[in-house]
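Enquirer:
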Amino acid sequence: MKKTPPPQAPAPEAAAEADAGARPGAGAARGAAKPGAGTASGAGGALRALVPEGERRAWGRYLLAVAVYAVSEGAAYGLFVPVLSNLLRDRVGAAGWWLLPLALTAAVGWLVHYALGLRALRLSSAWRRDLYARIGDQLLRLPLGWFDSPSAERVPQLITGDVARTANTVFLVPPLFSAVLTPATVAVFLLCYDWRLGLAALIAAPVVLVALTLGRRITERTEAAHHSAAAEAGSRLVEFAAAQPTLRAAGQSAVGRRALDTALADQHRAARREVAGSLPGRYLGQLGVQLAFTAVLLTGLALTSGHHLGSTRMIPLAVLGISLLRPLESLITAGTALRACQASAGRVGALLDVPPLPEPATAPPAAGPPAGAATGGRGVELVGVHFGYPGRPPVLRGVDLTVPAGRTTALVGPSGAGKTTVTKLIARFHDVTSGAVLLDGTDVRDLPGRDLLDRVAIVFQDVHLLDATIEENIRFGNPDATDDQVRDAARRARVDGIVDRLPDGWDTRVGEGGRLLSGGERQRVAIARALCKDAPVVLLDEATAALDPENEAAVHAALAELAADRTVLVIAHRLDTIAAADHIAVLDDGRVVEAGRHTELLAAGGRYAAFWAERTRAHGWRLGEDPTRP
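Under the UniProt record's numbering, the residues of the sequence shown are numbered 1 to 630, in order.
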């Protein structure tokens with residue numbers, strides 16, 4: 001009398017630590033980082049740690065209901081023995097009396113089954129919503145520099161796959177409990193009816209588990225090899241499709257296809273090996289189950305032949321023994337699925353445990369006026385700053401840099417000197433290893449994150465726009481800006497010229513990441529966003545690198561207007577940008593080696609003069625005819 005188990009949801013297919021860098025003596029001011037999920041020992045602990053606090057009692061009731069269902073299922077098997085035994089003896093009346101407790105047990109089981117279905121859906125949905133909310137809150141707390149780490153690249157898969165897989169653990173509980181408690185209940189009934197058949201079934205159970213486990217491992221090994229080959233083939237196919245313009249332009253389509261053909265051939269071979277290699281594993285498990293069934297049946301026949309057990313009694317008991325062994329196969333399958341859920345929970349927990357940068361709840365009273373304000377302010381200062389990314393050599397080695405308030409400072413130097421890192425430290429994407437970054441004399445670590453970012457506007461070389469309209473992307477810098485302020489910022493960054501050419505004007509959507517605009521157009525929208533934000537400190541990282549000469553000149557004029565009463569740090573390689581700066585700092589080998597005005601640094605004849613000479617020569621390169629050739 002097998003009852004249908006609760007519905008199971010289909011399983012979905014398919015961190016780098018942040019550098020906290022707290023300076024000595026300041027930990028109390030900024031507080032301690034609070035882990036997101038709490039580190040739990042063991043794989044099961046990862047799942048328990050993620051259960052919502054408000055749902056723990058509901059989970060307790062759910063587990064109790066699942067246990068009752070599993071026991072009732074085993075009891076139904078056990079109560080079926082006297083019913084069948086009496087029927088085989090033509091004792092219909094006695095069989096009828098045994099039908100009463102059997103029907104009562106079945107009714108309890110079905111009522112619990114119905115309640116389990118509703119509760120499982122509610123718990124899974126609530127768990128998923130809670131994980132989404134906790135991950136969203138955690139992403140808002142994480143250091144901005146964390147999003148440049150490899151861990152950030154795994155967040156989309158974590159949200160779409162691991163969260164759903166973790167929440168689907170709810171649906172794995174009934175088959176797991178039924179695979180354990182139902183056979184245990186059957187074993188109790190079987191031992192009470194006849195201890196000899198019960199002992200035979202209990203001895204056969206470990207044999208079945210060993211056979212099923214070995215078969216599962218053999219199957220998983222071949223499946224893993226095929227999965228790896230299929231993933232490689234998919235990757236090569238995407239790569240081949242994306243490289244079509246380059247391959248066709250070079251006339252190398254056949255050459256470019258070799259890697260794809262090799263990957264497809266490997267996948268084909270792996271698929272054949274999976275089919276051939278998985279058969280022994282599958283048949284091994286089935287063989288173990290069949291041998292155990294046979295052993296129980298032979299034991300019953302031996303007892304019947306020796307007149308120790310009547311045939312009318314042996315048949316229902318043998319059926320009951322088989323019912324004890326049958327659920328063991330689902331135990332292996334559910335255990336494998338549970339390990340996948342535990343792995344997903346571990347990845348979610350690792351993200352939630354990444355500590356945010358510590359910060360105070362409020363800004364210190366003596367935070368000073370806004371950086372770069374015309375009436376005062378000390379601008380930005382880096383004092384003895386050392387910094388290195390995890391697992392890499394130090395980038396900055398004792399940087400001392402002053403960005404005067406209300407002035408434009410150009411930061412120049414060779415690639416890899418740490419120029420972009422300086423801007424990220426000012427915006428506190430990371431905390432310094434040692435030293436301090438000061439904004440108007442206040443350590444940026446003593447400023448709340450929102451307060452700090454309200455004072456800083458950033459335009460990086462790689463611009464990312466929202467999949468929204470141009471107006472919405474500009475207003476994103478200052479949601480409270482009026483329409484006139486948005487239009488004025490767009491005009492000063494020459495975005496109005498872009499809008500005039502677009503079919504829907506200001507309502508034109510720019511696509512994911514701004515892909516529907518050119519690189520220069522995206523850069524101008526980002527500059528308009530910074531102008532609309534109207535922050536006292538502006539950080540520009542090659543902000544005009546993608547602009548054509550005409551629009552570059554217009555943007556330079558806007559930036560000059562912006563810099564009139566603001567503190568501006570610009571990373572630039574263009575000569576006119578560097579020469580127009582009020583102050584120039586040369587960064588090399590992790591240190592500021594020279595600082596001063598353009599004319600002063602040229603007269604000094606140091607590294608800046610050499611840098612300027614090299615750039616001037618490169619700026620004068622032209623394509624033309626070789627006069628020596630006939």
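We put the CB at the ideal spot given by N, CA and C, even for glycine.
Just so you know, these numbers come straight off a predicted model, no measurement behind them.
1) Is Asp-589 near the ligand ZN, judged by its Cβ being under 7 Å from some heavy atom?
2) Kindly indicate which residue of Tyr-69, Val-395, Val-380 and Leu-303 has the alpha-carbon position closest to the one of His-386.
3) Tell me which residues share the same chain as Ala-40 and place their Cβ nearer than 8 Å to its Cβ, disregarding the 5 neighbours each side in the sequence.
4) Would you kindly work out how many angstroms separate the C-alpha atoms of Val-380 and Gly-406, rounded to a whole number?
5) According to DSSP, simplified to helix, strand and coil, what is Ser-344?
6) List the whole-angstrom C-beta distance separating Ala-604 from Glu-594, where the pair is believed to meet the contact cut-off of C-beta under 8 Å.
7) Consult DSSP for Thr-616 and reduce its assignment to one of helix, strand or coil.
8) Can you tell me where the beta strand (DSSP E) holding Arg-407 begins and where it ends?
9) May I ask you to verify whether the segment 527-534 touches the segment 492-506, counting CB pairs closer than 8 Å and requiring at least 3?
10) Tell me, to the nearest whole angstrom, how far the beta carbon of Val-456 is from that of Ala-410; I am working on the premise that it is less than 8 Å.
11) May I ask you to report which of helix, strand or coil DSSP gives Thr-420?
12) Of all the options Gly-136, Val-188, Arg-141 and Arg-122, which has the alpha carbon lying nearest to the alpha carbon of Val-81?
13) To the nearest whole angstrom, what separates the beta carbons of Ile-470 and Val-499, a pair I think is in contact under 8 Å?
14) For Pro-390, count the other beta carbons within 10 Å of its own beta carbon; 16 or more makes it buried, fewer makes it exposed. Which is it?
15) Please state whether DSSP places Phe-611 in a helix, a strand or coil.
16) Where does Ala-613 land, buried or exposed, given buried means 16+ other C-beta within 10 angstroms?
17) What distance in whole Å lies between the Cβ atoms of Leu-452 and Gln-138, which are believed to be in contact at a cut-off of 8 Å?
18) Return the chain-ordered list of same chain residues with a C-beta closer than 7 Å to the C-beta of Trp-506, the five sequence neighbours on each side being excluded.
19) Please say whether Asp-266 and residue 643 have beta carbons closer to each other than 8 Å?
20) Specify the secondary structure class of Leu-517 as computed by DSSP and reduced to three states.
21) Bridge partners for Asp-541 per DSSP, in chain order?
22) For Ala-115, which residues from the same chain have a beta carbon less than 8 Å from its beta carbon, with the 5 sequence-adjacent residues on both sides left out?
23) Which of the three DSSP states is assigned to Val-354 in this structure?
24) Taking the alpha-carbon positions, what's the Asp-90 to Phe-177 distance?
25) Leaving out five residues before and five after Leu-209 in sequence, what residues of the same chain have Cβ atoms less than 7 Å from its Cβ?
26) Are Arg-450 and Gly-590 closer than 8 Å when you measure CB to CB?
27) On the premise that Ala-58 lies in contact with Pro-175, defined as a C-beta separation below 8 Å, what is that separation, rounded to the nearest angstrom?
28) Is Ala-366 helix, strand or coil when you go by DSSP?
29) Just grab the DSSP bridge partners of Ile-584 for me.
30) By a C-beta neighbour count over all protein chains shown, 10 Å radius and 16 as the cutoff for buried, is Gln-157 buried or exposed?
31) Does DSSP put Val-207 in a helix, in a strand, or in coil?
32) Using 8 Å for Cβ pairs, my map puts Leu-191 next to Leu-324. What's the rounded Cβ distance?
33) Is it the case that the Cβ atoms of Thr-213 and Ile-332 are separated by a distance below 8 Å?
34) Could you tell me whether the segment 198-205 touches the segment 291-301, where touching means 3 or more Cβ pairs closer than 8 Å?
35) In or out: Val-459 buried (at least 16 other Cβ within 10 Å) or exposed?
36) According to the neighbour-count rule (16 or more other Cβ atoms, all chains shown, within 10 Å of its Cβ), is Gly-78 buried or exposed?
Expert: The structure says:
1) For the structure depicted, the ligand ZN is absent and the ligand set is empty, with no information on it obtainable.
2) Val-395
3) Its pLDDT being 38, under 50, Ala-40 is placed unreliably in this model, and the coordinates cannot settle the point.
4) 10 Å
5) helix
6) 7 Å
7) helix
8) Counting along the chain, Arg-407 falls outside any beta strand (DSSP E), and DSSP gives it neither H nor E.
9) yes
10) At roughly 18 Å, the Cβ-Cβ gap does not stay under 8 Å, so Val-456 and Ala-410 are not in contact.
11) Judged by DSSP in its simplified three-state form, Thr-420 adopts helix.
12) Val-188
13) 6 Å
14) exposed
15) helix
16) exposed
17) About 19 Å; that fails the 8 Å criterion.
18) Thr-469, Ile-470, Glu-471 and Val-499
19) Not covered by the structure: residue 643. The range shown for the chain is 1 to 630.
20) coil
21) Ile-571
22) Ala-65
23) coil
24) 36 Å
25) Leu-328
26) no
27) That belief does not hold up - the Cβ atoms of Pro-175 and Ala-58 are roughly 20 Å apart, past 8 Å.
28) No answer about Ala-366 holds up, because its pLDDT of 47 lies below 50 and its placement is not dependable.
29) Beta-bridge analysis with DSSP links Ile-584 to Ala-410 and Gly-596.
30) exposed
31) helix
32) In fact, because the Cβ distance is near 10 Å, the residues do not count as touching under 8 Å.
33) Inclusion of Thr-213 and Ile-332 in the CB contact set at 8 Å is warranted, their separation being smaller than that value.
34) yes
35) With a threshold of 16 other beta carbon atoms within 10 Å, Val-459 meets it and is buried.
36) buried
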